[in-house]
Amino acid sequence: MDVLDIARWQFGIITVYHFLFVPLTIGLSAVIAGFETAWVRTRKEEYLRLTKFFGKLFLINFALGVVTGIVQEFQFGMNWSDYSRFVGDIFGAPLAVEGLLAFFLESTFLGLWIFGWDKLPRGLHAACMWIVHLGTLASSYFILAANSWMQNPVGYVFNPETGRAELVDFWAVMFNKVQLITFPHVIAAAYMTAGAFVLGVSAYLYMKDKHADDRPLYHRAIRVGAVVTLLAGLAVAFTGDIQGKIMTEVQPMKMAAAEGLYESSDGCAPFSVLTVGTPDGKEEKFSVTVPCLLSFLATGSTDGAVQGIDELKEEYAEKYGSDTVTKAAREGDYVPVIPVTYWSFRFMMGLGFFTAAGAALILWLTRKKRVPSVKWVGILGISLPLAATFASSWGWIFTEMGRQPWVVFGLMTTESGVSPGVSTFEAATSLIVLTLLYAVLAVIEVGLLVKYVKRGAEPFEEPPDVPIGGADDDAPLTFAY
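The numbering used here applies: residue 12 is where the sequence shown begins, and numbers increase by one.
Below, the structure is given as C-alpha cells:
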C-alpha cells in the first residue's frame with residue numbers, strides 16, 4: 012500500500028466512525044426538546060422522565076462526536092495538505108462560520124440546559140434544547156455546503172499562478188443545487204436515526220421484566236419513536252429520489268456505477284435488486300431486476316436515457332485527460348470501484364426501507380394502547396436503530412466512493428490531494444494509532460450507553476419552578492447528570 016491508499020483508508024475510517032454520532036446528535040436533540048416541551052405544556056411526569064433519560068444518552072453521544080470530529084479536522088493537514096491548499100479559499104468561510112457560530116451556539120446552550128434545571132424558568136430551559144438543535148442544523152448546513160462543493164464545484168475561479176480554487180460567489184456555494192437537496196436528505200436521515208434510537212431503547216426496556224412497572228412509559232416512547240422514524244423515513248425517500256436525479260445531472264458516472272451499467276440505455280433502463288456475477292459487474296450470471304426503475308431514479312421518467320460507464324469513460328478522457336497528470340488521466344480510468352458503489356447503494360436503500368417499514372409495523376402492533384408480544388416488539392425495535400445508523404453510513408460511503416477518482420469533481424483527483432511530504436511509515440503509523448484509539452473509544456461509548464440504558468428512566472423528581480428573574484443568583488449550579 013502506498014501513501015494514497017493509507018490516507019484514504021484513514022480518512023474513511025475516521026469519517027465513517029465520526030458520522031455514527033452525528034445523525035443521532037442532530038435528531039435526538041429535537042426529540043428531547045419535544046419531550047421537554049410536552050412536559051412544560053402538560054405537566055405529565057412521563058415526559059420529564061423521558062427528557063432526562065434520553066438527555067443522558069444524548070450527552071454521551073455528543074461528547075464522543077465532538078472528540079472524533081476534532082480528530083477528523085486534523086486529517087486535512089496531516090495527509091491531505093495539497094487538497095487543503097487547493098480548497099482552502101472555498102472552505103474557509105463556511106467552515107469558519109460553522110465553528111465560530113453554529114458549534115459555539117449549540118455547545119453554549121447545551122451547557123445552559125445541563126446546569127440550568129434549577130436556575131432557569133421551565134419554558135426557557137426547554138428553549139435551550141431547541142436552540143441546541145438549531146445549532147446542529149446550522150452546523151450541518153455549513154459542513155454539507157463544503158461537501159456539496161466537492162460534488163459540484165460552483166462560485167469559484169481557478170488561479171493558475173497559485174494552483175488554487177478561489178471563491179468569487181459565497182452565495183453560490185451556500186445555495187449549490189446539490190446542497191439544497193443534500194441538506195434535507197441528511198437531516199431527514201438524522202431524524203429517522205434518532206426516532207429509531209428512541210424506539211429501540213424503549214423497546215429493549217419494555218421487554219425487560221425489571222422495568223415491567225414502567226411499561227406504559229416505554230410504550231408511549233415506542234410510539235413516539237415509531238412516528239418520528241416513519242415520517243422521517245418517508246422524507247428520506249422523497250428527498251433521496253430528488254437527490255438521485257441531481258446526482259445524475261452533475262455526476263452521471265456515479266449513477267452508472269451504482270448500477271454497474273456499462274452500456275448506455277436509450278430508455279427503460281432496469282434496476283437490479285440483486286446481481287450475481289463478476290466483481291466489476293461486466294458479466295452477469297443471475298439478476299433480479301425491476302424494469303425501467305433505473306431510468307426513473309436517474310431522470311424521473313421510465314423512458315429516460317441513462318449514460319453507461321463505457322460512454323462516460325470516453326467523454327471524461329476527452330474532457331479531463333489533457334488537463335491532469337494523474338494516474339486516472341494516464342490510464343483513462345475515471346470509474347469508481349464498482350462493487351463498493353453497487354452494494355453501498357443497495358445497503359443504503361434496503362436498510363432505510365427496512366427501518367421505515369419496521370416503524371410502521373410497530374405502530375400497527377401498538378395501536379390503541381394494545382400490548383403486543385413483549386419479545387416481538389423488543390427484538391424488532393432493537394434492530395431498527397442499527398439499521399438506520401448503517402443506512403446513513405452506507406449512504407456516505409456511496410456518496411464519497413462514487414465520486415472517485417475525484418476529490419473535487421472535475422478539478423482535482425484524489426491522488427493529487429495527498430500530502431507530498433508524508434512517508435508511508437508515517438501514514439501507516441497514524442492509521443494504526445487512530446484506529447486503535449477509535450476502537451477504545453467505541454468500547455467506552457458502547458459501555459456507557461449500555462450502562463445507562465439498563466438503568467432505565469429515573470423516578471420522577473420535579474425540578475423547581477423558577478420564575479423569570481427569581482432564581483437565587485448565589486446558589487451553585489447543579490449538574491443534572
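No residue lacks a Cβ here, since even glycine has one placed at the ideal position from N, Cα and C. Keep in mind the model is a prediction, meaning the values are calculated, not measured.
Sub-8 Å separation of residue i and residue j beta-carbons
| i | j | result |
| --- | --- | --- |
| Asp388 | Tyr217 | Note that residue 388 is Val in the sequence shown, not Asp. Yes; because the gap between Cβ atoms is below 8 Å, this pair is in contact. |
| Asn90 | Val429 | yes |
| Gly319 | Ser276 | yes |
| Glu109 | Ser150 | yes |
| Ala199 | Val247 | yes |
| Val531 | Pro263 | No answer is possible for residue 531: the residues shown for the chain start at 12 and end at 492. |
| Val209 | Ala232 | yes |
| Val33 | Gly76 | yes |
| Leu68 | Tyr463 | yes |
| Leu397 | Ile71 | no |
| Glu469 | Arg60 | yes |
| Ser404 | Leu155 | no |
| Leu308 | Phe282 | yes |
| Val11 | Ile25 | Here the chain covers residues 12 to 492 and nothing more, so residue 11 does not appear. |
| Thr250 | Thr310 | no |
| Val42 | Gly211 | no |
| Pro474 | Trp141 | no |
| Phe346 | Lys324 | The question names Phe, yet the displayed sequence has Val at residue 346. Against a cut-off of 8 Å, the Cβ pair of Lys324 and Val346 comes out as a contact. |
| Ala402 | Thr440 | no |
| Val27 | Trp407 | yes |
| Val317 | Leu285 | no |
Beta-ladder partner(s) of residue i, from DSSP
| i | result |
| --- | --- |
| Ser150 | Its beta-bridge partners do not exist; DSSP assigns none. |
| Leu178 | Tyr167 |
| Phe282 | Val301 |
| Val317 | Ser276 |
| Ala424 | The question names Ala, yet the displayed sequence has Thr at residue 424. Trp417, per the DSSP bridge assignment. |
Environment of residue i [buried if 16+ CB atoms lie within 10 Å]
| i | result |
| --- | --- |
| Gly458 | exposed |
| Ala340 | With a pLDDT of only 47 at Ala340, under the threshold of 50, the placement of this residue in the model should not be trusted; the figure read from the coordinates follows. Ala340 is buried by the Cβ-count criterion. |
| Pro312 | With the sequence shown as reference, residue 312 is identified as Ser, and Pro is not the correct amino acid for it. Burial call: exposed. |
| Ala107 | exposed |
| Phe436 | exposed |
| Lys465 | exposed |
| Asp553 | Missing from the structure shown is residue 553; the chain here goes from 12 to 492 and no further. |
| Pro171 | exposed |
| Gly255 | buried |
| Ser434 | exposed |
| Asp225 | buried |
| Pro164 | buried |
| Trp182 | exposed |
| Met11 | Any property of residue 11 remains undetermined from this structure, which presents the chain solely from 12 to 492. |
| Val444 | exposed |
| Ser333 | Here Ser333 scores only 49 on pLDDT, less than 50, and its place in the model is too uncertain to base an answer on. |
| Pro478 | exposed |
| Leu111 | exposed |
| Trp50 | buried |
Candidates the options: closest to residue i by CA position
| i | options | result |
| --- | --- | --- |
| Phe87 | Phe471, Glu456 and Pro431 | Pro431 |
| Val179 | Asp13, Phe365, Ile101 and Leu285 | Ile101 |
| Gly421 | Val27, Ala328 and Leu272 | Ala328 |
| Leu35 | Thr400, Leu445, Pro474 and Arg414 | Thr400 |
| Phe73 | Leu372, His144 and Asp129 | His144 |
| Lys265 | Ala138, Asp321 and Gly236 | Asp321 |
| Leu245 | Val197, Cys303 and Ala280 | Val197 |
| Gln415 | Glu472, Val348 and Thr240 | Val348 |
| Val189 | Ala201, Thr173, Phe181 and Gln162 | Gln162 |
| Pro227 | Leu272, Ala243, Ser403 and Tyr58 | Tyr58 |
| Ala138 | Ser213, Glu47 and Thr352 | Glu47 |
| Leu442 | Ile17, Phe85 and Met412 | Ile17 |
| Leu447 | Gln21, Arg466 and Val14 | Gln21 |
| Ala393 | Gly406, Gly369, Arg378 and Trp375 | As written in the sequence, residue 393 is Ile, which differs from the Ala given in the question. Here the closest residue by C-alpha is Gly369. |
| Ala11 | Pro132, Arg234, Pro195 and Leu304 | Residue coverage of the chain in this structure runs from 12 to 492, which leaves residue 11 outside it and unanswerable. |
| Ala371 | Met140, Val27, Met203 and Thr173 | Met203 |
| Thr377 | Ala316, Glu274 and His230 | His230 |
| Ala2 | Met412, Leu445 and Trp417 | Lying before the first or after the last residue shown, residue 2 is absent from the chain, which here runs from 12 to 492. |
| Arg52 | Phe120, Ala439, His136 and Lys221 | His136 |
| Tyr94 | Met423, Leu39 and Val444 | Met423 |
| Val187 | Lys221, Val261 and Val14 | A small fix is needed here, since residue 187 is Asn in this sequence, not Val. Nearest C-alpha to Asn187: Val261. |
| Thr62 | Asp344, Gly80 and Leu39 | Leu39 |
| Thr193 | Ile253, Lys221 and Lys130 | Ile253 |
| Ala201 | Phe471, Lys219, Gly236 and Lys221 | Gly236 |
| Leu304 | Glu274, Cys279 and Glu426 | Cys279 |
Cβ-heavy atom distance, residue i to the ligand SAM, below 7 Å
| i | result |
| --- | --- |
| Gly134 | With respect to the ligand SAM, the structure offers nothing, as it holds no ligand at all. |
Neighbour flag for residue i against chain D, beta carbons, 8 Å
| i | result |
| --- | --- |
| Ala199 | Given the protein chain composition of this structure (a single chain), no chain D is represented. |
Could you tell me whether the region 444-453 touches the region 109-129, where touching means 3 or more Cβ pairs closer than 8 Å? no
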